[in-house]
Structure formats: C-alpha cells, structure tokens
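Note sheet for the following structure.
Numbering (the numbering used here), first residue to last: 51 to 392.
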C-alpha cells in the first residue's frame with residue numbers, strides 16, 4: 051500500500067514537472083537573474099566612502115536615503131531596507147518587459163503565475179528570450195512590444211537595490227521612481243495590475259512634489275522644473291488616453307463581417323491621426339515626445355500602457371482631495387487597511 055502511495059506521488063510530481071516545465075524554466079531564469087543582482091549589490095556606504103565614486107552621484111545616493119525617510123514619515127509608506135544597497139549596472143540594461151494585446155480590442159494578453167496571479171506583462175533578464183516570446187505572440191496574431199524596465203519591486207520579498215542608472219535621473223524623477231516602487235512594496239493587490247500601477251504612479255507623482263518642496267523649498271528650481279515637466283507630460287498622457295478611448299470606440303464598431311484588411315486599415319488611420327495631432331499640444335518647457343510621419347506607428351500595447359499606468363489617476367486625485375483633504379499619508383494608510391496586499 052505504501053509503495054502504491056509513493057509511486058502515485060512520484061507520478062504526480064513527474065506529471066506536474068512536465069506540465070509546468072516552461073513555467074519552471076522561466077522561474078529559474080528569473081530567479082537566477084534576480085539573485086545575481088541581489089548578490090552583487092553593495093551597501094551604499096561603500097560607494098559613499100570610495101574616493102573614486104563621483105561626488106555628484108554620492109549626492110544622489112544621499113538624496114535617495116532622504117526620499118526613503120520622507121516616504122515612511124510623511125507618505126505612509128511601510129518601512130523597509132529597500133534602496134540601502136546599490137547594483138552597478140556598468141551602463142547595461144537589465145530587464146525587459148514583453149506586452150501583448152488583441153489586434154482589434156484593448157484587451158491585454160495575460161501571463162498567469164502561481165500565488166502571484168495574472169499579469170499583462172512578462173519580464174526577462176535575457177533580451178533574446180524576450181524576443182522569442184514576442185515572436186511567439188506575433189505569430190499568434192497579437193500586437194506586441196518589448197520595453198526596457200528602469201526599476202522594479204520584489205514586493206517586499208527581497209531587499210531591492212538601487213540600480214546605478216537611476217542616478218542619471220533628475221531629483222524629481224528620482225523621487226517619483228523611488229516612491230513609485232516603494233508603494234508597490236507597501237501595497238500590491240493580487241490580479242489588479244491596473245490598480246497597482248496607477249496607484250504607484252499617483253503616489254509617486256504627488257509624493258515627489260511634496261518631497262521636493264520639503265527638501266528644496268516651495269519656489270526652488272527643483273520644484274519648478276519637476277512641476278512644469280509634469281504639466282507637459284500630463285498633456286501627453288491625456289492625449290494618449292483620449293486616443294485609447296477613440297480606438298476602443300472604433301473597435302466596438304467592428305464586426306465579423308469586416309475583413310481583417312479593412313479592420314487593419316481603419317485602425318492604422320485612427321492611430322495615425324492620434325499621433326499626428328501631437329503637434330496641436332503646447333508645452334511649458336519642451337516637447338516630451340515628438341513623432342514624425344516616417345516613424346513606425348505604435349500599436350495597441352502602446353495605448354494600453356497609458357491605461358495601465360495613468361487611466362485611474364483622476365479618480366485617485368478626486369478621492370485624495372474629497373475624502374482626505376489632500377493628506378496623502380492618511381490616504382495611503384486608508385488604502386493599506388482596505389485592500390489585502392501580497
């Protein structure tokens with residue numbers, strides 16, 4: 051009887067290994083990439099004490115520690131040891147995300163992972179592996195994209211390091227990125243990527259402004275530059291979000307009687323108009339993005355990225371002001387109590 055039980059367990063394990071072989075292989079590859087970064091990351095004190103490390107970058111490392119403290123003390127972010135070490139990228143990119151979407155609907159392709167739920171993107175530390183995944187989805191008829199990732203959160207499972215290329219950012223952009231990722235480590239709701247990314251983007255943006263005012267002063271050059279940049283980018287975000295809504299309306303008019311060629315032509319014309327009309331926007335400082343007619347047209351993944359990261363920002367802003375009087379710390383604390391986090 052015991053032999054039968056053992057044999058059954060072994061057979062089930064073998065079957066599971068065969069069934070999940072691709073997922074296991076991917077998990078091993080990602081775990082290896084993440085481990086190498088964590089293993090090679092060094093305490094920031096070593097960089098601060100090094101005479102060979104530039105003073106300008108030392109100032110950015112100290113700034114990150116100030117951002118961390120401010121986020122915990124003033125924004126309701128949970129304390130952690132994140133960003134107390136740094137990994138030297140040596141100028142190299144580390145991680146790429148593959149995204150995919152239906153060709154005639156703003157619906158993402160989703161990858162499912164045990165315990166974590168489903169995600170509308172899949173990360174790779176190996177660019178060639180990312181290209182293979184994109185090719186697989188291309189051949190299946192999806193719109194696809196590969197994007198470089200400048201920062202990510204392990205959601206509190208590990209001590210996230212500073213990545214050296216982060217130090218190339220301005221004070222405002224750096225504050226926004228660090229607070230964005232710390233928000234993920236504070237609150238991350240399973241199977242709710244759009245909520246999670248919009249929340250982190252919102253807290254990152256509002257928190258960055260509050261930090262800059264606290265650190266440099268209300269009328270400082272750092273605050274003025276960041277706020278003007280945000281005003282410009284907000285115009286871009288709204289333009290693309292409106293474009294996404296127009297595309298969604300177009301796709302809903304399409305039916306099975308239409309040929310793929312006809313659908314593709316209508317889609318192409320709509321996206322071309324959206325991109326061409328960027329020239330109608332007026333900016334405070336400079337154009338955050340320029341598009342020329344000879345440039346390749348983006349696809350549905352491009353517009354869905356704006357929905358994923360910016361589509362709910364207005365609702366967060368309204369709730370912050372109407373229910374919490376602009377008190378971001380109180381708002382974040384409230385959300386931590388309402389939503390279960392991974």
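Here a beta-carbon is modelled for each residue, glycine too, at the ideal position from N, C-alpha and C.
Asked, Found
"Three-state secondary structure (DSSP) of residue 173", "strand"
"Reference residue 164; option with closest CA among 293, 323, 269, 74", "74"
"Per DSSP, cross-strand counterpart(s) of residue 195", "149"
"Own chain residues within Cβ distance below 7 Å of residue 162, not counting five before or after", "168"
"CB-CB length for residue 133 against residue 90, believed under 8 Å", "About 16 Å; that fails the 8 Å criterion."
"Rounded separation between residue 264 and residue 210 - CA only", "25 Å"
"Spatial neighbours of residue 313 in its chain, beta-carbon cut-off 6 Å, leaving aside the 5 residues before and after", "154, 304"
"Among 351, 255, 334, the one whose alpha carbon lies nearest that of residue 395", "Coverage of the chain is limited to positions 51 through 392, which leaves residue 395 absent and any answer about it impossible."
"Where residue 330 falls, given that 16 or more other Cβ within 10 Å makes a residue buried", "exposed"
"Whether residue 254 touches residue 128 by CB criterion (9 Å)", "no"
"Cα-Cα separation between residue 257 and residue 277, rounded to whole angstroms", "12 Å"
"Short Cβ contact (9 Å threshold) for residue 156 with residue 294", "yes"
"From 319, 287, 283, residue whose alpha carbon lies closest to that of residue 300", "319"
"Inter-residue Cα distance where the pair is residue 268 and residue 92", "35 Å"
"Beta-carbon spacing of residue 216, residue 228 below 9 Å", "yes"
"Through-space distance from residue 368 to residue 66, alpha-carbon basis", "Because residue 66 sits at a pLDDT of 34, beneath the cut-off of 50, its placement in the model cannot be relied upon, and the point is left open."
"Residue from 102, 120, 327 with nearest C-alpha to residue 285", "327"
"DSSP three-state assignment for residue 168, whether helix, strand or coil", "strand"
"Helix, strand or coil at residue 212 according to DSSP, with G and I counted as helix", "strand"
"For residue 120, the first and last residue of its enclosing alpha helix (DSSP H)", "105 to 125"
"Cβ-Cβ distance between residue 120 and residue 252 below 9 Å", "no"
"Proximity of residue 146 and residue 77 at Cβ, strictly below 9 Å", "no"
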